[in-house]
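What follows is one structure encoded as structure tokens, with my remarks underneath.
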């Protein structure tokens, strides 16, 4: 604690907080474009709802349980910041506590939102809200304390006490969300007709827009985690850019070799894979190391998204293949590529650090992944047994947008006669079929192209 507030650091953290918040609408577009047209609103609402409910939870008790003085053994924060009534006059580092709390809130918002992609097209909206509240409280807040809470060796047991390097949330956010997503695929089961009936993204421009917003906001996610406008933020910013670019290139290269052509969806997915993998490592590796992390993540995640067919779990939008695999990979690669030139301390195996840091990184992945999987599975089962988590088969076929929200994303019937004068001049009769566009609303259904390993990652139909 200090009484000195840096206006430069505070301004950077305010901007970073806004950038991270932008990532959740970006995620909504990214996920929304990949689902069927008849469930795009529900998919986007699952992300937007997290902004609402998690923001309230954070002020009530979330910040306190994650970042208040440790209750003991580095497992959970205390209750001294409930309601954050005293936070306005507190300082952490060189920024006011409300600024730091707002920044961390944006992490808490997007983490459960990431999970939603795994259960697209089949989850009740109300049940999702209940699950998000429970999972954020019981799983995310303790894990955030383990990883992000530093207090001179008296904070979280993974980051502060054990020395695990996770600069911006490879374990706390991506492994955490990815493991929970895997658990929910078992709770809700497969979509009707899957894998016999494949689905395609209904709107690729939305996917690219979402990926672009995620890429832009991720600079706040990673560089903002320095909690200051300094050299650490600078290297995190640069590493984020080059790793993401490498992930994009690696994914479309795999597609070119495997499927014969690169796709726009592959480019967007590769960029996200690079972003995920560099998140924990952005302040531990050199720019060349970041390129290596991005290349490995793009290639491995491009292959990993096909595992759901071999293992039989219906991860609708490949949250497991991108976020669990990418987050775990980035966290473990710190044990190989970390350099004291960047960290100011621990080095990885390739820089003379031995196996010690690698072991710590692997342990963090296993612990966080296991805790999140078990917690999400039990909470999902609780929700399913009480209020029901999955819509009926009839509602799934009809479309969740109409059933859950009484809305549709695209109103094609409004296009027509009102947009052009009648044929033959004013007052003339309109021939049958004229004056209205005969448009059929696509729902993204249909088989994927031959030779494609993952239905949501192909447009070769």
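In our numbering, the protein residues as written are -5 to 455. We put the beta carbon where it would ideally sit given N, CA and C, even for glycine.
Out of curiosity, what's the CA-to-CA distance linking residue i and residue j?
| i | j | result |
| --- | --- | --- |
| residue 196 | residue 114 | 13 Å |
| residue 221 | residue 163 | 14 Å |
| residue 26 | residue 407 | 22 Å |
| residue 244 | residue 204 | 20 Å |
| residue 74 | residue 81 | 10 Å |
| residue 116 | residue 394 | 7 Å |
| residue 257 | residue 188 | 23 Å |
| residue 42 | residue 22 | 7 Å |
| residue 129 | residue 300 | 27 Å |
| residue 0 | residue 304 | 53 Å |
| residue 87 | residue 7 | 12 Å |
| residue 375 | residue 181 | 6 Å |
| residue 276 | residue 238 | 11 Å |
| residue 333 | residue 283 | 9 Å |
| residue 396 | residue 328 | 46 Å |
| residue 367 | residue 106 | 13 Å |
| residue 218 | residue 158 | 19 Å |
| residue 174 | residue 347 | 32 Å |
| residue 112 | residue 44 | 15 Å |
| residue 121 | residue 362 | 24 Å |
| residue 90 | residue 213 | 21 Å |
| residue 386 | residue 345 | 55 Å |
| residue 246 | residue 255 | 8 Å |
| residue 215 | residue 103 | 12 Å |
| residue 134 | residue 199 | 32 Å |
List the residues that DSSP assigns as beta-bridge partners of residue i.
| i | result |
| --- | --- |
| residue 255 | Looking at the DSSP assignment, residue 255 forms no beta bridge with any residue, so it has no partner. |
| residue 71 | 64 |
| residue 384 | 117 |
| residue 90 | 85 |
Could you tell me how far apart the beta carbons of residue i and residue j are, in whole angstroms, since I believe they sit closer than 8 Å?
| i | j | result |
| --- | --- | --- |
| residue 19 | residue 70 | About 31 Å separates the two Cβ atoms, so there is no contact after all. |
| residue 132 | residue 313 | Not quite, the Cβ-Cβ distance comes to about 19 Å (not below 8 Å), so this is no contact. |
| residue 119 | residue 398 | 5 Å |
| residue 270 | residue 321 | 5 Å |
| residue 184 | residue 309 | Actually they are not in contact, since the Cβ atoms of residue 184 and residue 309 sit about 10 Å apart, beyond 8 Å. |
| residue 127 | residue 47 | 6 Å |
| residue 336 | residue 279 | 6 Å |
| residue 342 | residue 331 | 5 Å |
| residue 290 | residue 323 | 6 Å |
| residue 485 | residue 223 | No statement about residue 485 is possible, as the shown extent of the chain runs from -5 to 455 and does not include it. |
| residue 55 | residue 35 | Incorrect: roughly 31 Å between the Cβ atoms, too far for contact. |
Which same chain residues end up closer than 7 Å to residue i when comparing Cβ atoms and leaving out the 5 residues on each side of it in sequence?
| i | result |
| --- | --- |
| residue 28 | 195, 201, 311 and 450 |
| residue 78 | 53, 57 and 95 |
| residue 281 | 232, 233 and 236 |
| residue -2 | 88 |
| residue 147 | 154 and 155 |
| residue 92 | 81 and 82 |
| residue 208 | 17, 20, 21, 24, 266 and 269 |
| residue 418 | Low confidence applies to residue 418: its pLDDT is 42, below 50, so where it sits in the model is not reliable, and the reading given next is rough at best. Excluding sequence neighbours, residue 418 sits near nothing in its chain. |
| residue 177 | 367, 370, 371 and 374 |
| residue 33 | 114, 115, 393, 394 and 395 |
| residue 101 | 14, 163 and 167 |
By Cβ distance below 6 Å, which residues in the same chain neighbour residue i in space, the five residues on each side in sequence not counted?
| i | result |
| --- | --- |
| residue 160 | 141 and 274 |
| residue 242 | 261, 264 and 265 |
| residue 143 | 61, 149 and 150 |
| residue 390 | 116 and 186 |
| residue 37 | 25, 26, 29 and 114 |
| residue 138 | 60 and 166 |
| residue 124 | 377 |
| residue 302 | 309 |
| residue 84 | 91 |
| residue 9 | none |
| residue 384 | 116 and 182 |
Return the chain-ordered list of same chain residues with a C-beta closer than 8 Å to the C-beta of residue i, the five sequence neighbours on each side being excluded.
| i | result |
| --- | --- |
| residue 326 | 352, 355, 356 and 359 |
| residue 145 | 63, 64 and 154 |
| residue 206 | 20 |
| residue 4 | 88, 89, 90 and 93 |
| residue 349 | 329 and 343 |
| residue 211 | 13, 14, 15, 16, 17 and 20 |
### Query
Do three or more CB pairs link the stretch 257 to 269 to the stretch 292 to 310 at distances below 8 Å?
yes
### Query
Between the stretch 47 to 64 and the stretch 224 to 233, do three or more beta carbon pairs fall short of 8 Å?
No, they do not touch.
### Query
Does the stretch 3 to 21 come close enough to the stretch 95 to 109 that 3 or more CB-CB pairs lie under 8 Å?
Contact between the stretch 95 to 109 and the stretch 3 to 21 is present, because at least three Cβ pairs lie under 8 Å.
### Any 3 or more C-beta pairs closer than 8 Å across the stretch 315 to 322 and the stretch 151 to 169
yes
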